[in-house]
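Below is one structure, written out as structure tokens; comments come after it.
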Amino acid sequence: MAKISEMIGEAAAIAKGMSITFREMLQPTITEDYPEAPPKFQERYRGVHELQRDENGLEKCVACFLCAAACPAQCIYIEAAENTAELRISGGERYASVYNIDYNRCIFCGYCVEACPTDAITHGHGFEIASYNTSTLIYRKEQMLVPIPAGAHFPLKAQEESAPAGH
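Heads up, the sequence shown is in our numbering, so the first residue is 78 and it goes up one at a time.
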């Protein structure tokens, strides 16, 4: 008699498990049409970093090194250079001549974004950075800079301003 009640208990457990399976099987499937349709990200998504420009097209980064200091993974490398009258890259006295992020080490924590006083570095919505070659995961400044906004007016070089028209 004990074996029969044990068999009934096991059959009930199997029936309960199968009922969950059949219930889920009848639900509509929810899939993403990736890569045909781009995924929708929340505004706070922490994707690949972007280096921002101001409304004139100048880089916002003033090479203050606060993002590199805040990074717990130490994946940000910056070299600073001075802006000159002939060559103005950013709105400050300095600009980042080299700005690299090593995505082999980056943990996308967002500390660099929070530390930036000029909002020069932000998280974008890029996420496809998988690679078989780890050297391609070191992004340079040119890869992270956003495009120059339409209608941006760069300050002209001093020589061009003083030259007569048509020469």
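Here a beta-carbon is modelled for each residue, glycine too, at the ideal position from N, C-alpha and C.
Note that this is a predicted model, so its numbers are computed, not measured.
Which residue or residues does DSSP assign as beta-bridge partners of residue i?
{"i": "A158", "result": "Y172"}
{"i": "E127", "result": "T199"}
{"i": "N177", "result": "Y154"}
{"i": "I215", "result": "D179"}
{"i": "L222", "result": "L128"}
Quick one: grab the DSSP three-state call for residue i.
{"i": "E136", "result": "strand"}
{"i": "S167", "result": "strand"}
{"i": "L143", "result": "helix"}
{"i": "I206", "result": "coil"}
{"i": "S82", "result": "helix"}
{"i": "K93", "result": "helix"}
{"i": "T108", "result": "coil"}
{"i": "E113", "result": "coil"}
{"i": "Y122", "result": "coil"}
Within 10 angstroms of its Cβ, does residue i collect 16 or more other Cβ (buried), or is it exposed?
{"i": "N78", "result": "Note that residue 78 corresponds to Met in the displayed sequence, not to Asn. Label assigned to M78: exposed."}
{"i": "L135", "result": "buried"}
{"i": "R217", "result": "exposed"}
{"i": "S167", "result": "buried"}
{"i": "A89", "result": "exposed"}
{"i": "K80", "result": "exposed"}
Which value, in whole angstroms, describes the spacing of the CA atoms of residue i and residue j?
{"i": "H126", "j": "G187", "result": "9 Å"}
{"i": "A162", "j": "S174", "result": "16 Å"}
{"i": "E170", "j": "E109", "result": "47 Å"}
{"i": "G228", "j": "R100", "result": "57 Å"}
{"i": "Q119", "j": "G201", "result": "11 Å"}
{"i": "G94", "j": "C148", "result": "48 Å"}
{"i": "Y154", "j": "I198", "result": "13 Å"}
{"i": "L233", "j": "I107", "result": "In this predicted model, L233 has a pLDDT of only 49, less than 50, meaning its place in the structure is not dependable enough to derive any value."}
{"i": "S239", "j": "L164", "result": "Note that S239 scores 43 on pLDDT, short of 50, meaning its location in the model is unreliable and no value can be drawn from it."}
{"i": "C183", "j": "Q151", "result": "8 Å"}
{"i": "E219", "j": "P105", "result": "44 Å"}
{"i": "A92", "j": "L103", "result": "16 Å"}
{"i": "E237", "j": "S212", "result": "Low local confidence applies: a pLDDT of 46 at E237 is under 50, so the model's placement there is unreliable, with the coordinate-based value given in what follows. So the two alpha carbons sit approximately 40 Å from each other."}
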